[in-house]
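Beneath this line is the structure, given in C-alpha cells, with notes to follow.
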Amino acid sequence: MNFAGRLKRFIKAGGEMVSLPALEEPFAQKYPPTEDGPQVAVEGVELTHSDGTAGRKIMLFTTRPIELRQANTLLAEHGFRGVMRLDEVRQVERIPVLGTGKTDYKVLRQWVMGE
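In this text, residue positions in the sequence shown follow the working numbering: the first is 4, and each later residue adds one.
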C-alpha cells in the first residue's frame, strides 16, 4: 500500500511528538492569510547528528519581520512549553503555495533541509 498526499506533519523531539500544525496555529491566527497568500508557515525535520544523536529543526517561515524570541514568546502565551518551540525564523518574500492555494510544505521542508 502506498500513501500519497501530505507529508508527515509532526516530528519527534526529546521523546515527544511535536505537531507542526499546532505550532503554526497561533501564528496563523495572529497573521491570517492575505490576498497575496499565507503570511506564516511552520515546517520541521528530524535530524541525526554526526555523533549519532537525534535532533530536530523547526522553522517559522514568514513574510513578516518576526524575531525568534518574539515567536517563541507567542507560543508560550498559547501554552506551548519545552520542546514545543521554534529553532529558527526565516523571513521570505512569499510562502510557497500549491495550485490550490494551500501552503507547499514540500518546498518548505526542502528549505529546512537545505540549511
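By construction, the Cβ of each residue, glycine as well, lies at the ideal position given by its N, Cα and C atoms.
Below-8 Å beta-carbon distance, residue i vs any chain B residue
i, result
"Ala74", "Among the chains of the structure shown, chain B does not appear; only one protein chain is present."
DSSP beta-bridge partners of residue i
i, result
"Leu50", "Gly58"
"Ala74", "Ala74 is not bridged to any residue."
"Ile14", "Val21"
"Phe64", "Ala44 and Arg93"
"Thr106", "Val100"
Residue of the options minimising C-alpha distance to residue i
i, options, result
"Asn75", "Arg67, Thr37 and Met87", "Met87"
"Gly58", "Gly82, Lys15, Glu28 and Pro36", "Lys15"
"Arg72", "Gly85, Lys60, Arg84 and Leu89", "Leu89"
Whole-number beta carbon distance between residue j and residue i, since they are thought to touch under 8 Å
i, j, result
"Thr66", "Glu38", "No, Thr66 and Glu38 are not in contact; Cβ-Cβ is about 12 Å, not under 8 Å."
"Arg112", "Glu46", "5 Å"
"Thr103", "Pro41", "That pair is no contact at about 12 Å."
"Leu78", "Leu26", "7 Å"
Within 8 Å, strictly: CB atoms of residue i and residue j
i, j, result
"Met2", "Phe30", "Residue 2 falls outside the range modelled here, since the chain spans only 4 to 118, and no answer is possible."
"Val48", "Leu63", "no"
"Val110", "Pro99", "yes"
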